[in-house]
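J.:
There are 2 protein chains.
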Amino acid sequence: MTLAPWRSPLARALHRNRSRPYSRYLQLATLRADGRPANRTVVFRGFLPESDRLIFVTDTRSNKVVSLGDAPAAEACWYFTQTREQFRLGGTLTLVTAATVEETLQVARHHAWQALSDNARQQFTWPHPGQPHIADGFDTPHPDPTAPLDGFALLLLNPDQVDHLELRGSPQNRWIYLRQENSLVDVMVRDQPKGVIAAPSWRAIVVNP
Amino acid sequence: MTLAPWRSPLARALHRNRSRPYSRYLQLATLRADGRPANRTVVFRGFLPESDRLIFVTDTRSNKVVSLGDAPAAEACWYFTQTREQFRLGGTLTLVTAATVEETLQVARHHAWQALSDNARQQFTWPHPGQPHIADGFDTPHPDPTAPLDGFALLLLNPDQVDHLELRGSPQNRWIYLRQENSLVDVMVRDQPKGVIAAPSWRAIVVNP
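Quick mapping for you: the protein sequence lines, in order, are chains Y and P. Going by numbering that gives the first Met the number 0, the first sequence opens with residue 0, and the numbers climb by one from there. Going by numbering that gives the first Met the number 0, the second sequence opens with residue 0, and the numbers climb by one from there.
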């Protein structure tokens, strides 16, 4: 597949800011059940293979899962402190749980679990997050590193609009990428057309900062 | 007035992370006109005097102002990279423009304008943000540093729920502060009661991370 055009500047930002571990932290805004916005820091866990979908991990007991409901619109805001640039990624969320049937997604869920540290995996054995504190239940054994616990889930963000702002320079540079309706794209194998598939295309606009 | 109980840990975080200028950057989530969440980086400009309201500055032409409408619910997410702690501040927004009558707010607007750098003030003279890029109109003279331009506005965030998470330690520490209905509070002058005023009170809960 062809990567979306915003993937290249985002990969460059990740590379240039790689010495700071928190460059993989970003803020994900969603809607609460009562319609108010919610906003929390999440860790970028890479892209779903052969796609432009960002992977985050979560606990199915967390509010962000409970409040997803039927309107899984979201916007991630990702600020890179070293290169001083911001990506805003607006789109829709998909939850991948133990019950998800689609094999590609279930494989990704297993891979993400295996990629976590022991300490990160252990947190899924802890008492209910956000509930009044109890002292016991945190001294649990490390869970099996190969088989995800039932409460372990992925959140996939599928962007349909990306707003990239570089603060360096005056005036600053800013681009907006808009996903268009799927269009038919030639599938080429060794430069020979082998058929067509439906794929999203993107429109890029240079805008005022 | 009495400061809200989350002001003390937030002040401590600002102090301990003060060597990193981007510690004053946070992400503000609001709702778009179509109901989807929006999320962008803003700069913390201090608190409105004698209040727990956070000050941000904005351009009245920006989308976050246009989309405020009648439902100014918001949640700010503030991650401090050095001490590894997060504050989520949920509440409501107030816009303070050239047309705002309340004197305290208009004074704060003037002070915020005067505290900006020349370069930051100049941006309010630039072409419409977010519109297709035009090459001209960025080479403008610096505006009067004492009198704010008409397009300069404040956004005030009045929190009603604050969620503080310290990532250091295992298990991590987490507190939730909830604003309660106003209650009557004794006004004391030199330890002598001088009457009562209605003031918000807060409930603090220690919760599981």
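Here a beta-carbon is modelled for each residue, glycine too, at the ideal position from N, C-alpha and C.
1. Could you have a look at TRP112(Y) and say whether DSSP puts it in helix, strand or coil?
2. Figure out for me which residue from PRO144(P), GLU180(P), ARG17(P), ASP190(P) has the closest Cα to the Cα of THR80(P).
3. Could you tell me which residues DSSP pairs with ASN181(Y) in its beta bridges?
4. Buried or exposed: SER169(Y), going by 16 or more other Cβ atoms within 10 Å of its Cβ?
5. For ARG39(P), report the span of its beta strand (DSSP E) as first-last.
6. Quick check on ARG35(P) - is its C-beta less than 7 Å from some C-beta in chain Y?
7. First and last residue of the beta strand (DSSP E) that includes ARG23(Y)?
8. Apart from the five residues just before and just after TRP201(Y), which ones in its own chain have a Cβ nearer than 7 Å to its Cβ?
9. Between the alpha carbons of ARG6(P) and ARG173(Y), how many angstroms are there, rounded?
10. Interface residues of chain Y around PHE137(P) at Cβ under 7 Å?
11. Determine whether the Cβ of GLN85(P) lies closer than 7 Å to any Cβ atom of chain Y.
12. Just the Cα atoms here: how many angstroms apart are LEU9(Y) and THR1(P)?
13. Quick check: the Cα distance between VAL106(Y) and GLN26(P), rounded to an integer number of angstroms?
14. Taking PRO126(P) as the query, report the chain Y residues whose CB atoms sit under 8 Å from its CB, ordered along the chain.
15. Tell me where the alpha helix (DSSP H) around ASN118(Y) begins and ends.
16. Excluding the five sequence neighbours on either side, which residues of its own chain have a C-beta within less than 8 Å of the C-beta of MET187(P), listed in chain order?
17. With a threshold of 7 Å on Cβ separation, who are the neighbours of LEU104(P) within its own chain once the five nearest residues in sequence on each side are excluded?
18. Does DSSP classify GLU102(Y) as helix, strand or coil?
19. Pull up the DSSP beta-bridge partners for ILE54(P), would you.
T.: So, from the data block:
1. As a first step, residue 112(Y) is located in the first sequence; it is residue number 113 there, counting from the start. The answer is helix: DSSP assigns TRP112(Y) an H, G or I state.
2. Residue mapping note: residue 80(P) aligns to position 81 of the second sequence, counting from 1. Among PRO144(P), GLU180(P), ARG17(P), ASP190(P), the Cα nearest to that of THR80(P) is on ARG17(P).
3. Against the first sequence, residue 181(Y) aligns to sequence position 182. Beta-bridge pairing links ASN181(Y) to no other residue.
4. Taking the first sequence and counting its residues from 1, one reaches residue 169(Y) at position 170. Exposed, because fewer than 16 other Cβ atoms sit within 10 Å of the Cβ of SER169(Y).
5. Indexing the second sequence from 1 puts residue 39(P) at position 40. Unbroken beta strand (DSSP E) run through ARG39(P): 36-42.
6. Mapped onto the second sequence, residue 35(P) falls at position 36. Yes, ARG35(P) lies at the interface with chain Y (some Cβ there is under 7 Å from its Cβ).
7. On the first sequence, position 24 is the one that residue 23(Y) refers to. Unbroken run through ARG23(Y): none, as it is neither H nor E.
8. Here residue 201(Y) corresponds to residue number 202 of the first sequence, with the count starting at 1. Result list for TRP201(Y): ALA3, PRO4, TYR176, LEU177, ARG178, GLN179, in chain order.
9. In the second sequence, residue 6(P) corresponds to position 7, counting from 1. In the first sequence, residue 173(Y) corresponds to position 174, counting from 1. Going by the C-alpha atoms only, they are around 35 Å apart.
10. For the purposes of this step, residue 137(P) is taken as the residue at position 138 of the second sequence. Within 7 Å Cβ-Cβ: PRO170.
11. If you number the second sequence from 1, residue 85(P) lands on position 86. Yes, its Cβ sits closer than 7 Å to a Cβ of chain Y.
12. Stepping through the first sequence from its first residue, residue 9(Y) is reached at position 10. Stepping through the second sequence from its first residue, residue 1(P) is reached at position 2. Roughly 45 Å separates the two Cα atoms.
13. Residue mapping note: residue 106(Y) aligns to position 107 of the first sequence, counting from 1. Residue mapping note: residue 26(P) aligns to position 27 of the second sequence, counting from 1. Taking the straight line from one Cα to the other gives about 32 Å.
14. For this step, residue 126(P) is matched to residue 127 along the second sequence. The answer, in chain order, is ASN207.
15. Taking the first residue of the first sequence as position 1, residue 118(Y) is located at position 119. 117-121 is the extent of the alpha helix (DSSP H) around ASN118(Y).
16. Sequence index remark: in the second sequence, residue 187(P) carries index 188 (1-based). Only LYS193 meet the Cβ criterion.
17. As a first step, residue 104(P) is located in the second sequence; it is residue number 105 there, counting from the start. Excluding sequence neighbours, LEU104(P) sits near VAL95.
18. Within the first sequence, the letter at position 103 stands for residue 102(Y). Three-state result, GLU102(Y): helix.
19. Taking the first residue of the second sequence as 1, we reach residue 54(P) at position 55. Bridge partners of ILE54(P): LEU155(P).
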